[in-house]
Amino acid sequence: MKDPVGQFRSKIEGKSLKVAVVGLGYVGLPLAVEYASRGFTTLGIDLDKRKTESVVLGKNYIDDVDDGELAADVRSGKLTAESNYDSIGSCDAVFICVPTPFTPNKEPDISFILSSAKEISKRLQRGQLIVLRSTTFPNTTEGYVLPILEESGLKAGKDFSVAFSPERIDPGNKKFKTKNIPTVVGGIDETSAELAALVVGQSVSEVVKVSSPRVAEMEKLLENIFRSVNIALVNELAQLCDRMGGINIWEVVDAAATKPFGFMPFYPGPGIGGHCILIDPYYLEWLAKAYDFQTNFISLAAEVNESMPFYVRNMIQRELSFKPISFKKARILILGVAFKKDVDDTRHSPALKVMELLLQDGAENISYNDPHVPTAVVGGRTFDSVKLSPRVLKSADCVVITTDHSSYDYESIVRNSRCVIDARNATRNVKDGREKIVLLGDGK
Ligand SMILES: NC(=O)c1ccc[n+]([C@@H]2O[C@H](COP(=O)([O-])OP(=O)(O)OC[C@H]3O[C@@H](n4cnc5c(N)ncnc54)[C@H](O)[C@@H]3O)[C@@H](O)[C@H]2O)c1
60 MKDPVGQFRS KIEGKSLKVA VVGLGYVGLP LAVEYASRGF TTLGIDLDKR
110 KTESVVLGKN YIDDVDDGEL AADVRSGKLT AESNYDSIGS CDAVFICVPT
160 PFTPNKEPDI SFILSSAKEI SKRLQRGQLI VLRSTTFPNT TEGYVLPILE
210 ESGLKAGKDF SVAFSPERID PGNKKFKTKN IPTVVGGIDE TSAELAALVV
260 GQSVSEVVKV SSPRVAEMEK LLENIFRSVN IALVNELAQL CDRMGGINIW
310 EVVDAAATKP FGFMPFYPGP GIGGHCILID PYYLEWLAKA YDFQTNFISL
360 AAEVNESMPF YVRNMIQREL SFKPISFKKA RILILGVAFK KDVDDTRHSP
410 ALKVMELLLQ DGAENISYND PHVPTAVVGG RTFDSVKLSP RVLKSADCVV
460 ITTDHSSYDY ESIVRNSRCV IDARNATRNV KDGREKIVLL GDGK
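See the structure below:
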């Protein structure tokens, strides 16, 4: 390659740089829209035809993406989508944003990355930049993706460039979106790092270059393990407060958060979920075993966080034991089944785990409401979100707040319910009817 950085730079200046985003989910679609909106011709690739067809029609399906922006990008011809890789050879920069789940035994499943790398490899062109964006364990880029790309006959570092740049998007976050989140980049060599920094810099506010893809891969895992460990710590303390009585963990955290340095608030809840914080720590735990190393913080945090849905199940059973109705017959209404507030993502949602545990214990009258999730499958059964009304709330023996969506009217929920189990402190500002609230970690 002759002056690849100069070539990319002039293509960027002339807005002739073409970008491909593989995987149009929670990460890929916002990224593709960001590039298209900044004037770069962007091709989205997803094996799920419903997603590509939706994009082609200018229809958005991700909450964080602005409907009008996506439609305008499609109308202007800047954004297209296909369910095959045939056109990828015409793109200068390719971002891989496919899922990285774990197996039933909680080991990394990078099969989506590998299969997408194989498809890219078959069509790889000289001068292309391939950036892995999916969260994964250190050495995935260099040890797994790079060799597959070289099956093309082209040589990494000489004929094409490779980098890892982890995604930091926080779905539902109103303040931080793709464009204003500083983003880390690690290339396999200086040219790869430069190219990736140049291209990534077109979609985000700040690029932080690190010395290698491995550092970038580990950095992303540190971010998520940091959250998992700290959430586990408050979850453990919440249980201790409940056991001791007289100390409310939420008040404790709020008080500690007034310290202007050295403390960052994390809050307890019914457990962690989603595609990141629950899964990613296991990627490192798995890798560490190959080095005869036990990642004790990761294991302990997982143990505490994964016990929380069981803890909430026990809270529900305890409350119902005070009522003149059997657990089996009690009407239990779950509020919020998305894994966190204001999103529609139910992957590994702790609320669904709570429902599953209640079903396993024989509860016959469970229902749920979630303004973002119209249907949910739990224990092989499909549930439809019930319409929330004073009548529905009044008829429930126990209302459980598992996800604190902003659109809920918590005053009304408490006013119309007979008993509210609040696993998120969503009712913190409710004045009347507090005697009906059972709050996780309030020490009562
Ligand atoms: N969701 C988040 O908040 C978030 C935040 C930061 C990082 N991440 C990471 O980003 C990655 C993607 O996560 P996501 O939440 O966007 O997942 P997602 O499931 O929402 O989207 C992934 C998309 O990839 C598609 N896909 C799967 N295999 C493919 C293939 N071989 N070729 C083309 N398309 C394929 C799927 O159909 C899906 O639409 C994961 O590694 C995740 O850990 C996610």
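First residue of the sequence shown: 60, per the working numbering; consecutive thereafter. Idealized CB from N, CA, C, for every residue including glycine. Computed from a prediction, not measured in an experiment: that's the story for all the values here.
query                                                                                                                                                        : result
Beta carbon of Glu265: closer than 7 Å to some heavy atom of ligand 1?                                                                                       : no
Enumerate, from N- to C-terminal direction, the unbroken beta strand (DSSP E) stretches of 3 or more residues contained entirely within the stretch 385-410. : 390-394
Does the distance from the CB of Ser476 to the CB of Lys400 come in under 8 Å?                                                                               : no
Could you check the C-alpha separation between Thr354 and Phe442 for me, to the nearest Å?                                                                   : 38 Å
Going by the DSSP bridge assignment, what does Asp443 pair with across the sheet?                                                                            : Thr434
Can you name, in chain order, every residue of its own chain whose Cβ lies under 7 Å from the Cβ of Leu337, other than the five neighbours on each side?     : Ile331 and His407
Report the rounded CA-to-CA distance for Asp126 versus Lys388, giving the unit in angstroms.                                                                 : 44 Å
Give me the Cα-Cα distance between Lys412 and Ser180, rounded to the nearest whole angstrom.                                                                 : 39 Å
Could you tell me the boundaries of the beta strand (DSSP E) in which Lys268 lies?                                                                           : Val266 to Val269
Please check the pair Asn484 and Trp345, which I expect to be a contact at CB under 8 Å, by giving their CB distance rounded to whole angstroms.             : In fact, because the Cβ distance is near 34 Å, the residues do not count as touching under 8 Å.
Quick check on the DSSP output: the alpha helix (DSSP H) that includes Ser572 runs from which residue to which?                                              : Lying outside 60 to 503, the shown extent of the chain, residue 572 is not represented and no answer is given.
From the DSSP secondary-structure annotation, give me the bridge partner or partners of Phe154.                                                              : Val80 and Val190
Given this structure, state the Cα-to-Cα distance separating Tyr427 from Cys300, to the nearest angstrom.                                                    : 28 Å
Under the assumption that Gln261 contacts Ile71 (Cβ atoms under 8 Å), give the Cβ distance between them as a whole number of angstroms.                      : 6 Å
Could you give the distance in angstroms between the alpha-carbon of Ser224 and the alpha-carbon of Lys177?                                                  : 19 Å
Under 8 Å between the Cβ atoms of Arg192 and Val86?                                                                                                          : yes
May I ask you to verify whether the stretch 157-169 touches the stretch 138-149, counting CB pairs closer than 8 Å and requiring at least 3?                 : no
So what's Thr101 in DSSP terms, helix, strand or just coil?                                                                                                  : strand
In chain order, which beta strand (DSSP E) runs of at least 3 residues are fully inside the stretch 455-500?                                                 : 457-460, 479-481 and 496-498
Confirm the yes/no value for this check: CB of Pro272, any heavy atom of ligand 1, distance under 7 Å.                                                       : no
Going by DSSP, which residues form a beta bridge with Ser149?                                                                                                : BP columns for Ser149 are empty, so no partner.
Between which residues of its own chain and Ala95 is the CB-CB distance below 7 Å, once the five residues before and five after are set aside?               : Thr101, Asp132, Lys137 and Leu138
Chain B beta carbons: is any one of them nearer than 8 Å to that of Lys453?                                                                                  : Chain labels in this structure do not include chain B; a single protein chain is all it has.
Under the rule that 16 or more other beta-carbon atoms within 10 Å means buried, what is Thr200, buried or exposed?                                          : buried
Below 8 Å, how does it come out for the stretch 75-91 and the stretch 114-122: are there three or more Cβ pairs, yes or no?                                  : yes
Out of Ser385, Ala397 and His431, which has the shortest C-alpha to C-alpha gap to Leu417?                                                                   : Ser385
Which whole-angstrom value is the C-beta distance of Pro158 and Ala222, which I expect to be below 8 Å?                                                      : Not quite, the Cβ-Cβ distance comes to about 20 Å (not below 8 Å), so this is no contact.
From the DSSP secondary-structure annotation, give me the bridge partner or partners of Tyr350.                                                              : In DSSP, Tyr350 forms no bridge with anything.
Does the Cβ of Pro241 have 16 or more other Cβ atoms within 10 Å, making it buried, or fewer, making it exposed?                                             : exposed
Could you tell me if Thr13 is buried or exposed, where buried requires 16 or more neighbouring beta carbons within 10 angstroms of its beta carbon?          : Since the first residue of the chain shown is 60 and the last is 503, residue 13 is not available in this structure.
Check whether the Cβ of Ile104 lies closer than 7 Å to any heavy atom of ligand 2, and answer yes or no.                                                     : With respect to ligand 2, the structure shown offers nothing to examine, as its ligands consist of ligand 1.
May I have the straight-line CA-CA distance separating Lys490 from Tyr326, to the nearest angstrom?                                                          : 21 Å
Let's see if you can read the secondary structure: which residues bound the beta strand (DSSP E) around Leu138?                                              : Leu138 to Glu141
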